[in-house]
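This report concerns only the one structure given below.
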């Protein structure tokens, strides 16, 4: 999207439809967890949902605003159908004790409030990395100990947010040159 052939007006139209899509889907993901809702429905509905997602993604990649508009509307109806069937099949929202996020590489991470909830959420979200708050605290504490500069920056700039973590070249090199 946004290629040299795509006009700014076309790009803005597509962005407008996708902004509405993101707004609605973010609500479903907040309540049900990222990528969890399709796992709570029948295989038939799940397959139809993924087929619809393929159509939406295809329209986006073709820079076709009218098709994007249509497929956003259909996909949002599909989310409503997923939710309706998930509830009918006994599925429940994740509630305020589970938080999910998608990392830049597409990895879904779920953080649960209590150590006893890890197993249940992992069963419901098998492809996600699932941690409890205590584990996150241990990981962040150890990482911050080894990356003191980040903790210092967050102290100086209280609103600073870590947006990306990279491995240093020092850790990648395996030779005797000390730099």
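In our numbering, the protein residues as written are 20 to 198.
C-beta atoms are modelled at their ideal positions from N, C-alpha and C, and glycine is treated no differently.
The DSSP-derived three-state label of residue 121 is strand.
Across the structure, residue 95 and residue 85 are spaced so that their CA atoms are roughly 16 Å apart. The DSSP-derived three-state label of residue 149 is strand. Short of 6 Å from the beta carbon of residue 147, and not among the five residues preceding or following it, lie these beta carbons of its own chain, in chain order: 127, 129. Comparing alpha-carbon positions, the option among 161, 36, 62 lying closest to residue 82 turns out to be 36. Residue 44: member of the alpha helix (DSSP H) spanning 27-51, first to last residue.
Under the DSSP assignment, residue 129 falls in the beta strand (DSSP E) whose first and last residues are 127-131.
When the alpha-carbon of residue 111 is set against those of 122, 57, 176, the nearest one is in 57. The continuous stretches of alpha helix (DSSP H) do not include residue 58, and DSSP gives it neither H nor E. Annotated as proximal: residue 144 and residue 52, with beta-carbon spacing under 8 Å.
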